[in-house]
Amino acid sequence: MKQRATVKGIGNAKAPTPLDTLADACHILYLKDHMASLAGQITWRDATDRGYWTPALGTNFSDAAASSMVLVNDELDVLEGTGVPNPAVRFHTWVYRHRPDVNAIVHTHPRNISALSMLGVPLPVAHMDACMFHNDCGFLEEWPGVPIDDEEGRLITSALGENRSALLVNHGYICACASIEESIYLAVSMENAAELALMAMAAGTVKPIRSELAQAAHDFLLQPAIVNATFSYWAEQA
Numbered sequence: 001m002k003q004r005a006t007v008k009g010i011g012n013a014k015a016p017t018p019l020d021t022l023a024d025a026c027h028i029l030y031l032k033d034h035m036a037s038l039a040g041q042i043t044w045r046d047a048t049d050r051g052y053w054t055p056a057l058g059t060n061f062s063d064a065a066a067s068s069m070v071l072v073n074d075e076l077d078v079l080e081g082t083g084v085p086n087p088a089v090r091f092h093t094w095v096y097r098h099r100p101d102v103n104a105i106v107h108t109h110p111r112n113i114s115a116l117s118m119l120g121v122p123l124p125v126a127h128m129d130a131c132m133f134h135n136d137c138g139f140l141e142e143w144p145g146v147p148i149d150d151e152e153g154r155l156i157t158s159a160l161g162e163n164r165s166a167l168l169v170n171h172g173y174i175c176a177c178a179s180i181e182e183s184i185y186l187a188v189s190m191e192n193a194a195e196l197a198l199m200a201m202a203a204g205t206v207k208p209i210r211s212e213l214a215q216a217a218h219d220f221l222l223q224p225a226i227v228n229a230t231f232s233y234w235a236e237q238a
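The sequence shown maps to residues 1 to 238 in the UniProt record's numbering.
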């Protein structure tokens, strides 16, 4: 994570802005191998509800900074910043319109989630570290095509429902959460869960966790203190 600027000397570090946090999120995604070419997006709903911030098209997640973000509206017109957005963020605007509780969305194509999506099965919850997805992960059974039109946005939003995440068959995933930190926490956790699931499937029959235990672990793992501390740890690594 890049060192923050200081004001009036040591000990008065400038507090990070949400755009700094968005840049940190990009660095984490890069560290965790979530960026394959330019196939992937992250957006954050502007705090004053002017639109959505996202890295300008062509920005490598490893080089992301507050200055490389652009503010766009529902039509992807650039309202602030330099450059143009990834046209695939159009489906993000659908989610934001239908989910006022969502303030940040991550969609990338990491290796293990992509591989699991090719099997056409929901994400199994068969390990403690996957329990944050218990009854909280939608499933889109058919790939609607490249998500740059309204129909794709409608289908993905419908598959997501009221969940924080969804697995998209033949495609990848979406994490739509209340904060940047939570969306990254779930994105990285889903890739880890997909890797474990693929290993288990190759070895034998997957044994799901009992529903009541999975729900208790879901609630525990999604406590804001755990989410934010994990994000900070990953940001320091990045």
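Ideal Cβ positions, reconstructed from N, Cα and C, are used throughout, including at glycine. If you're wondering where the values come from, they're calculated on a predicted model, not measured in any experiment.
Whether residue 54 touches residue 86 by CB criterion (8 Å): Yes, Cβ-Cβ distance for residue 54 and residue 86 is below 8 Å.
Pair within 8 Å by beta-carbon distance, residue 119 and residue 193: Their beta carbons are not under 8 Å apart, which means residue 119 does not touch residue 193 by this criterion.
Cβ-based burial, residue 128 [other Cβ within 10 Å; buried from 16]: Label assigned to residue 128: exposed.
Within 8 Å, strictly: CB atoms of residue 181 and residue 32: Result no, Cβ atoms of residue 181 and residue 32 do not sit closer than 8 Å.
Opposing strand residues paired with residue 108 [DSSP bridges]: Answer is 40.
Member of 88, 215, 126 and 220 whose CA lies at the smallest distance from the CA of residue 205: Of the candidates 88, 215, 126 and 220, the one whose C-alpha sits nearest the C-alpha of residue 205 is 126.
Proximity of residue 42 and residue 57 at Cβ, strictly below 8 Å: In this structure, the beta-carbon distance from residue 42 to residue 57 does not fall below 8 Å.
Of the residues 189, 158 and 111, the one placed nearest residue 131, counting alpha carbons only: Here the closest residue by C-alpha is 189.
Euclidean distance between Cα positions of residue 233 and residue 196: Distance between the alpha carbons of residue 233 and residue 196: 22 Å.
Counted within 10 angstroms of its Cβ, other Cβ atoms place residue 69 as buried (16 or more) or exposed: Residue 69 should be labelled buried.
C-alpha distance - residue 93 paired with residue 47, whole-angstrom precision: C-alpha separation (whole angstroms): 15 Å.
Limits of the beta strand (DSSP E) - the one that residue 174 falls within: Here the beta strand (DSSP E) through residue 174 covers 172 to 177.
Best match in 49, 110, 136 and 219 for proximity to residue 79 [C-alpha to C-alpha]: Nearest in C-alpha terms to residue 79, of all of 49, 110, 136 and 219, is 49.
Run of the alpha helix (DSSP H) containing residue 138, from where it starts to where it stops: Not the alpha helix (DSSP H): residue 138 falls in the beta strand (DSSP E), residues 137 to 140.
Paired residues, beta bridge with residue 80 - DSSP: The partner list for residue 80 (beta bridge, DSSP) reads 71.
Contact set for residue 159: own chain, Cβ-Cβ below 6 Å, skip 5 residues either direction: Around residue 159: 138, 140 and 166.
Pick from 45, 135 and 22 that is closest to residue 271, judged by C-alpha positions: Given that the chain is displayed from residue 1 to residue 238, the structure contains no residue 271 and the question cannot be resolved.
Continuous alpha helix (DSSP H) stretch holding residue 189: start and end: Taken as a continuous stretch (DSSP letters only), the alpha helix (DSSP H) holding residue 189 covers 180 to 203.
C-alpha distance - residue 121 paired with residue 15, whole-angstrom precision: Annotation: residue 121 to residue 15 spans about 43 Å, alpha carbon to alpha carbon.
Coil, strand or helix - residue 94 by DSSP: DSSP, reduced to helix, strand and coil, places residue 94 within a helical segment of the structure shown.
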